[in-house]
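The structure appears below as structure tokens.
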Amino acid sequence: MKKRGNNSDALAKASASDSNLISNLQVKFKDPFFWSDWLVVVAFAVVIGFFGLIAPAEFLTLWNLNNILVAASIPTIIVVGQTFTVLTAGIDLSVSSTMTFGAVSFGLAFTNGWSLWKCCLISIVAGAFVGLLNGLIIAKRKINDFIVTLGMLSVASGAALVLSDGKPRQIISESLSTLAINDKFNIPYLMMVAFVIVLIGHFTLFHTKFGTHVLATGGDPDAARAMGISIVKVKIAVYVISGALAGVAGILAISRIGSAEPAANTAILLNSVAAVVLGGVSLFGGRGSIFGPFIATLLLQSLLNGLTVIGVAAYYQYLSIGLVVILSASLVRTEK
Amino acid sequence: MKLTKSIKVVLVAISASSLVLAGTTTGNAAPKKALKSIRIAAVVKGLDNPFFIGIKEGIEETAKNYGVFANVQAAPGLNDDIGQANKLDSLAGQNYDCYIVIPISSNNLSQAVGKITKKKKTVINIDSPIDSASLAAAGGKVTSFAGTDNFAAGKAGGAKMVAAIGAGKKIGLIAGLAGNVTSNARIDGFKAGAAGATFVGPVNADWDTTKALDAANAMITANKDLAGFFAANDQMAQGVGKALKAAGLKIPVYGVDGIADALAEVKAGSITATISQYPYVMGKMGVEACIIAAQGGKVPASTITPYYIIDSSNISAALENKSTRGYFPNQTPPGAYNDPYTALIKK
Amino acid sequence: MTNDSFAIECKDIKMSFGSVEALKGVSIYAKPGEVTAIIGDNGAGKSTLIKCISGVYKSDQGAILINGKEVNFTNPEESRSFGIETVYQTLSLIEDLSIWQNLFLNREITKGFGPFKVLNKYKMKDEASKMLKNLDVYIPSIKSRTRKLSGGQRQAVAICRAAGWGSSVVIMDEPTAALGVRETAKVEELIKRMKTQGLAILLISHNFDQVLRLADQIWVMRQGELMAGLRANETSGDELVALITGAKSGRG
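Protein chains in written order, with our numbering: chain A, 1 to 336; chain B, 1001 to 1347; chain C, 2001 to 2252.
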């Protein structure tokens, strides 16, 4: 009898803590902000699981996973920069052109015999310069960022064409090829570079004063200003970051493509915005993370890769990507 | 007894050496494969241009006819050079015997081709050539190239236009994506063929109809004495046609490619002529080259695919629709053409 | 009354916007440890005066003294450096940041040196808890986002922030205007507790009952002029109304 009593006590305690756990989980699941943080992880797992189940021999090979990581490297770098601008309730529509402008600057320096490091620096500085222009016009002249960066998209693109005279420059460099093709412990070098940038971005956002000020500027610019934060400086800074990272992406693009191409790649821009939204960053600013958009980028590239591998016709691929983005955006209710 | 033994030895020696010889005349080390086990992957530019749909059709129908498997993928967009490289990488990791590639730029697929070559698989390059220097640097090898001699096509167009409008006239030039090799070849060819003419441009319109419309409008406004237009592809020629119609100008405009919409416009008169290419034939040749390689045969290193100038004089023949899926007409040229691959396929 | 017993004193402040005279020579003072209310109808100039004190505006004429010493400032940052903190009607809290992040907004504690300064989150959370505890404000978790707090809780956090950083004057503009009865009572308790910290509290309020409950000193303004300065225990609601509307004039 005693034993049974003890058992029922224990059971009662266990079920009490269970129901606590369940009600805790229920509260969490009902909170839309929980989903905006975790949805991308769940979605990513679903995509990998889906392709892994229907085509494990093709999709889950080391070679293929390696391909996904390589494909995700350049978009990841762009998306980190885009996250910073969107967190201030802005957006940078000029990223793809800035990337091209950086690449073309690299190409010009390279064919003039500059050292590889100087060429890399030129690309980053060129990108940062475009970002600075964006930031100054947006923050000081108080013109809408959508419009300014849209205009800069054309300006940077045109500048790239002028600098390159419309012709691509072939860049044949041993170091760059090694960067693009090789890997260590099965992680491609390109992804290592991208991941380091993700870590730096995360650290800056959540462990520095500047990062807090970025979140404050996006969350409530009036409140931030009232507390003495210089909205102007923060806004200029995030666009410089976005531009500089576009310059870095330009270097990686050259390593992958083997030449400095003067034509801008608009897919990069669209995917960066999609990944930012999918990754739980609010387009109204003030809320988000760096890892969310990073995982969202991996998700998008896995989706593209998976669909190619199982032989889905290209038309359906456009459709699928669009559906995934819209579905996720509607599930993530980040209202203000 | 001794004689039969020595005859046997000789026979064995002959068959052994013929087997060895057969092996050494192949272009690559791939073992012979039965038709039904051959798997082909193709990456074209973008399916928003009917030209590449034509290539896709050519590949898929030819594959069906021979009983081989083909997976045709396209870049996400006509200017997504990185995305196309990603696609080819994805396919390179899969179990295909042969890859048919059309690169967006002359360099963007070199690394991916390098990876494929390392796996000892065959790569066939059609339509737009891959740059040999970057290919070599990436350790890649292309077994065969089949494409139009764009320079010659442009040249024929140039000569024909000068014959139509007379010497010493002004011609507007609309080019494709900046720096694109195909576009440059066509424009340069046209200029070479149009001896004595003066030119406005070339202005880049990125293969896009609307951009070409805008560019043509600007040219018409700035040059009242324009006597003709040449656009490096049909979609751009359509844009030019619209601009001319709006301006009420009746001067000839030539395009390149021979897509269905352009043919309809040639019949209607809004485009004067198109230097038609035969993407269907290119796709067909790509598949055939793959099959030859998979069967261990020797693939011709490069083939020129046909072009024909289609204008009002031969438009009806061109409009005959021979597509099994009713997709679009003008799959094969109205005259004879050289397909060196067909004969080399072992049944 | 010696001048350096005043936490803040404004002498003859004049401010005009174009041809409109918003302040026509206003002189007030506030003592430390006291609640000093400024009341008046719309357009009386209360907000303008407060903005001159908090550095949003620079008055055309007149002087401001903190603890007997004349000070000059041209922006809110400088005003803050003299220990003047403001709790705005909109509270200036960032909803998606946590309570401790808001308490330390633009005053973050860092560790490390040079370009490698890292946020000292542990210290900030610790100090934040203390700031709230000082004024007996109870919030279950300082790590929760400010968005999750009720109106009264947010008001309390904003007040704790001002009290925690302010060393001379805390200005409060209609602190309970948007709150219900219970939350208003709680905030009023909080304001009373602030007096024990030795701060001078400048309170703008339309609620005369509240003013009479909380204030020690009351300044009445009307159309840019100071009508009267009274001790709260020497006046009544009726008299205040009369002074505001002009039915009664002069120093009561």
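The beta-carbon is built from N, C-alpha and C at its ideal position, and this holds for glycine as well.
Burial state of residue i, where buried means 16 or more other Cβ atoms lie within 10 Å
| i | result |
| --- | --- |
| residue 1080(B) | buried |
| residue 1166(B) | exposed |
| residue 326(A) | exposed |
| residue 2070(C) | exposed |
| residue 2088(C) | buried |
| residue 271(A) | buried |
| residue 205(A) | buried |
| residue 1268(B) | exposed |
| residue 111(A) | exposed |
| residue 1034(B) | exposed |
| residue 2005(C) | exposed |
| residue 1075(B) | buried |
| residue 1285(B) | buried |
| residue 1168(B) | exposed |
| residue 154(A) | exposed |
| residue 2177(C) | exposed |
| residue 144(A) | exposed |
| residue 196(A) | exposed |
Contact check, residue i vs residue j, beta carbons under 8 Å
| i | j | result |
| --- | --- | --- |
| residue 2103(C) | residue 2164(C) | yes |
| residue 2181(C) | residue 2156(C) | no |
| residue 1082(B) | residue 290(A) | no |
| residue 2028(C) | residue 2010(C) | yes |
| residue 1227(B) | residue 1174(B) | no |
| residue 214(A) | residue 87(A) | yes |
| residue 2025(C) | residue 2012(C) | yes |
| residue 2201(C) | residue 2195(C) | yes |
| residue 1041(B) | residue 1091(B) | yes |
| residue 106(A) | residue 251(A) | yes |
| residue 1271(B) | residue 1235(B) | no |
| residue 1310(B) | residue 1038(B) | no |
| residue 131(A) | residue 229(A) | no |
| residue 2034(C) | residue 2216(C) | yes |
| residue 1171(B) | residue 1230(B) | yes |
| residue 59(A) | residue 52(A) | yes |
| residue 79(A) | residue 297(A) | yes |
| residue 1047(B) | residue 160(A) | no |
| residue 1219(B) | residue 1058(B) | no |
| residue 128(A) | residue 232(A) | no |
| residue 1045(B) | residue 1102(B) | yes |
Residue closest to residue i, alpha-carbon to alpha-carbon, out of the options
| i | options | result |
| --- | --- | --- |
| residue 210(A) | 310(A), 84(A) and 174(A) | 84(A) |
| residue 1306(B) | 1218(B), 1333(B) and 1156(B) | 1333(B) |
| residue 2122(C) | 2136(C), 2114(C) and 2142(C) | 2142(C) |
| residue 1113(B) | 1105(B), 1099(B) and 1191(B) | 1099(B) |
| residue 246(A) | 230(A), 225(A), 235(A) and 269(A) | 269(A) |
| residue 48(A) | 176(A), 253(A), 300(A) and 318(A) | 300(A) |
| residue 1179(B) | 1192(B), 1128(B), 1191(B) and 1195(B) | 1128(B) |
| residue 1296(B) | 1279(B), 1346(B) and 1331(B) | 1346(B) |
| residue 207(A) | 2109(C), 2235(C) and 2051(C) | 2109(C) |
| residue 1134(B) | 133(A), 170(A), 160(A) and 148(A) | 170(A) |
| residue 340(A) | 95(A), 136(A), 90(A) and 167(A) | Any question about residue 340(A) goes unanswered here, given that chain A covers just 1 to 336. |
| residue 1210(B) | 1241(B), 1189(B), 1266(B) and 1184(B) | 1241(B) |
| residue 2166(C) | 2049(C), 2183(C), 2032(C) and 2014(C) | 2032(C) |
| residue 340(A) | 324(A), 98(A) and 55(A) | Since the first and last residues shown for chain A are 1 and 336, residue 340(A) lies out of range. |
| residue 1337(B) | 1303(B), 1197(B), 1312(B) and 1344(B) | 1303(B) |
| residue 1344(B) | 1294(B), 1194(B), 1068(B) and 1320(B) | 1294(B) |
| residue 2197(C) | 2225(C), 2179(C), 2159(C) and 2218(C) | 2159(C) |
8 Å contact criterion, which residue i and residue j should meet: CB distance rounded
| i | j | result |
| --- | --- | --- |
| residue 123(A) | residue 262(A) | Not confirmed; about 14 Å, so no contact. |
| residue 2221(C) | residue 2046(C) | 6 Å |
| residue 1233(B) | residue 1258(B) | Between residue 1258(B) and residue 1233(B) the Cβ distance is about 10 Å, and since that is not below 8 Å, they are no contact. |
Residue-level contact to chain F via CB, residue i, 8 Å cutoff
| i | result |
| --- | --- |
| residue 121(A) | Here chain F cannot be found, since the structure's protein chains are A, B and C. |
Any non-hydrogen atom of the ligand SAM closer than 7 Å to residue i Cβ
| i | result |
| --- | --- |
| residue 2164(C) | Absence of the ligand SAM from the depicted structure is noted, as is the absence of any ligand whatsoever, leaving it without description. |
| Do the stretch 217 to 229 of chain A and the stretch 2077 to 2094 of chain C make contact, defined as three or more Cβ pairs closer than 8 Å? | The stretch 217 to 229 of chain A is in contact with the stretch 2077 to 2094 of chain C.
| task | Could you tell me whether the stretch 1259 to 1267 of chain B touches the stretch 1148 to 1162 of chain B, where touching means 3 or more Cβ pairs closer than 8 Å? | result | Contact between the stretch 1259 to 1267 of chain B and the stretch 1148 to 1162 of chain B is absent, with fewer than three C-beta pairs closer than 8 Å.
| message | Whether or not the stretch 1137 to 1147 of chain B and the stretch 1202 to 1209 of chain B are in contact is what I'm after, with contact meaning three or more pairs of Cβ atoms, one per stretch, closer than 8 Å; do they touch? | response | Judged by Cβ distances under 8 Å, the stretch 1202 to 1209 of chain B makes no contact with the stretch 1137 to 1147 of chain B, as fewer than three pairs qualify.
| request: Indicate whether the contact test is met: 3 or more Cβ pairs, each with one atom in the stretch 63 to 79 of chain A and one in the stretch 173 to 193 of chain A, closer than 8 Å. | output: The answer is yes - the stretch 173 to 193 of chain A touches the stretch 63 to 79 of chain A, with three or more Cβ pairs under 8 Å.
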